[in-house]
Amino acid sequence: MCGIVGYIGPREAAGICYEGLRRLEYRGYDSAGIAVIRDGRMDVVKRVGKLRILGETLAAEPMPGPLAIGHTRWATHGKPSETNSHPHLSCDGKIAVVHNGIIENYAELRDQLTAEGHEFKSQTDTEVIAHLVEKLYDGDIFQAVLKAIEVMRGAYAIAVITEHEPDKIVAARLRSPLVIGIGEGENYVASDMAAVRQETDKVYVIDDGEAAIVTRDDIKLFKVTGEPIAKDPYVIPWPAEAAAKGEHKHFMHKEIHEQPEAMRACLAGRITEAADRVILESLNMTPEEIRGLKKVILTACGTAYHAGLVGRFMIEKLARIPAECDLAAELQARDPVILDNTLGIVISQSGETMDTLLALRELKAKGAKVVAVVNRVDSVIARESDGVVYIQAGPEIGVASTKAYTGQILTLEMIAVHFAEVRQTAPEAELKALRRALLACPDQAVELLRREPDVVKLAEKYWQLHNSLYLGRGINLPSAMEGALKLKEISYVHAEAYSAGEMKHGPIALVCPDLYTVAIAVQGQVYEQMVGNMQEIRARSGPVIGVVNDGDEAIREHLDDPILVPPCPELVSPITIALPLQLLAYHIADIRGEDIDQPRNLAKTVTVE
Ligand code: F6R
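Those letters in the sequence shown? Residues 32 to 640, by the working numbering.
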């Protein structure tokens, strides 16, 4: 998982590439590099560590020039080092390549090229591209790249420049995202629209098997077979500020606060004003298909998996369809039974996660129809699915997923209600109450964010403890799992999530004054049982933070500190409960001084198995 950028035009290309990389740093951040061509000569700088180290080098030793490509890396082949950082160069140093993806047959290509006399410097798969293009170069860099593509297997978004033709960038894509930003007298290449949004709101979204020649004044698009193509520019629907932190200290904080707006965008036009119907045309399913469903298999990774668990609960409970939810990385090994009329639902913020993509393909290969719940428009998972419901959350840049999670649940809940409407498996009064509750989520989110200072006080009280338990039951077991994941991934505090009912079967042995428990005990089906579990923990001197409803005075004697959430139907509560748990994780990590937007060892999107 990496990010690539390129710029050609009258301004200082290295600086523009660096700014683009800053917006792509969420894709990887263990090393970075830029290659510039000026007066027909290539100049390269690479640095290990966060991107700002590259920025400091560029500030101290500027690299002027009108043409540049850049890269931010998350290591897959070869450890983070200057040698393994991109751009990678040909033997003569005249061709430079940046690449996001994996060249599967790189070992074989490397052996061949080495036997032919090419000298490799790095342990990366990408370096073979530079040498291959060098070998195939015959006076036309575009043709050389196309020929190289013919022998490369795997996934790639690449940008290539050469001293021989310092007036162009050649770019191509297969299974890794790529856009060409359209400027005036200048043009851009990037992995993601967020990288160019500061400069332009128009891009060409490059599809699999397509390539581009980008010059100052022109962008020519082709199939990788060489035949020219035409396509309409895509106008980026969100403002430039959406990809910047604004007044927030971290992207994660900004994105937590964007949830009311993101929820409104997700709901817009999908629940009628009178709350009497859900409209989800992009599901691409007829009423007959919905009525005929025999089974639903949801699949996703990490936070999106937790949203999937909520979706499974909702679909089974309301639409009365047997539903399973698999970790995408486990789906293949389980070899699930696909009946006639099985629907797969894949959930992904990025639409690029490799495990989820492979699970999607597995479900389709076994005959399931697949619907995607995705944030990133036009992503590979969206394209390969039979239907897609976009969650409309806007760009999510912080590594820890927040607004995408609540958007995923909101979308899955709408799908479940829609299925129940069509199948007539739940009383209309219940469905109407749920639709109303979903429509009320944005306002409840505003109220929960207003209460942030209360969560800050809790973080100040508990940040020094190294161990925590998150407990829930029923539809809020996934909420406990997500709360624990948020805390561990950004604060490195050990956080375990359990069904509260499981405590007595082992984990209760952990309980002691140094381990705090976050217990989700909002009103609903499992409330009484949760209260019993909280009593058991306090009887063993374990401090308890209770996530409880406003006005529930009776529960206060069973907890040390409350997190108050406004009441709503239990089935909708995972959406609102998510916000204070995100804030708790955020503030604990902030007090501990951690690098919240770029936690160690993680990348925003995991495009490897
Ligand atoms: C955690 C987090 C990850 C992602 C997971 C799936 O905060 O963000 O667990 O949810 O890697 O990513 P997507 O949704 O892009 O498929």
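Heads up, the beta-carbon is just placed ideally off N, CA and C, and yes, glycines get one too. Model, not experiment: these values are computed from the prediction.
- Cβ of V401 within 8 angstroms of any heavy atom in the ligand F6R? no
- Can you find a heavy atom of the ligand F6R that lies under 8 angstroms from the Cβ of L516? yes
- According to DSSP, is T548 helix, strand or coil? strand
- Message: the ligand F6R and S62: does the residue's C-beta get closer than 8 angstroms to at least one heavy atom of that ligand?
- Response: no
- Query: When DSSP builds the beta bridges, which residues end up paired with H698?
  - Reply: In this structure the chain extends from 32 to 640, so residue 698 is not present and cannot be described.
- Item | 4 or more residues per run - each alpha helix (DSSP H) lying fully within the stretch 62–121 | 82–91
- Message: Between T686 and L140, how many whole angstroms is the CB-CB distance? I'm expecting something under 8 angstroms.
- Response: For the chain, the structure presents residues 32 to 640; residue 686 sits outside this window and is missing.
- Proximity below 9 angstroms, CB of G101 to CB of C48: yes
- Item | Helix, strand or coil at L602 according to DSSP, with G and I counted as helix | helix
- How far does the beta strand (DSSP E) with S379 in it reach, from first residue to last? 373–379
- Message: Tell me whether Q629, by its Cβ, gets closer than 8 angstroms to a heavy atom of the ligand F6R.
- Response: no
- Item | Limits of the unbroken alpha helix (DSSP H) element including H162 | 158–167
- Between T679 and the ligand F6R, is the CB less than 8 angstroms from at least one heavy atom? Nothing can be reported for residue 679: it is not among the residues displayed for the chain, which extend from 32 to 640.
- beta-carbon I8 near the ligand F6R non-hydrogen atom, thresh 8 angstroms: Nothing can be reported for residue 8: it is not among the residues displayed for the chain, which extend from 32 to 640.
- Query: Which term fits Q495, buried or exposed, when burial requires 16 or more other beta carbons within 10 angstroms of its beta carbon?
  - Reply: exposed
- V486 CB to nearest heavy atom of the ligand F6R below 8 angstroms: no
- Message: I'd like the span of the beta strand (DSSP E) that includes C356, first residue to last.
- Response: 354–358
- Item | Close Cβ partners of I352 (< 6 angstroms) along its chain, the five nearest in sequence each way excluded | L324, V327, I346
- Query: Can you find a heavy atom of the ligand F6R that lies under 8 angstroms from the Cβ of A528?
  - Reply: no
- To the nearest angstrom, report how far apart K309 and T317 are at their CA atoms. Here residue 309 turns out to be Val, not Lys, going by the sequence shown. Straight-line Cα distance between these residues: approximately 14 angstroms.
- So, L362 versus L465, is the Cβ gap smaller than 9 angstroms? no
- Item | Per DSSP, the bridge partner or partners of P259 | F253
- Grab the span of the alpha helix (DSSP H) containing E292 for me, first residue to last. 290–298
- Message: In the DSSP output, which residue or residues are listed as bridge partners for Y187?
- Response: G132, R206
- Inter-residue CB distance, A424 and C297 (contact presumed, cutoff 8 angstroms): 7 angstroms
- Message: Considering only heavy atoms of the ligand F6R, does any lie closer than 8 angstroms to the CB of Q380?
- Response: yes
- Buried versus exposed call for K285 [16 or more other C-beta atoms within 10 Å across all chains shown]: buried
- Report yes if the CB atom of I627 is closer than 9 angstroms to the CB atom of M283, and no otherwise. yes
- Query: Could you give the distance in angstroms between the alpha-carbon of A609 and the alpha-carbon of I576?
  - Reply: 15 angstroms
- What residue does the alpha helix (DSSP H) around T437 start on, and which one ends it? 434–454
- Which two residues bound the contiguous alpha helix (DSSP H) that contains N564? 558–569
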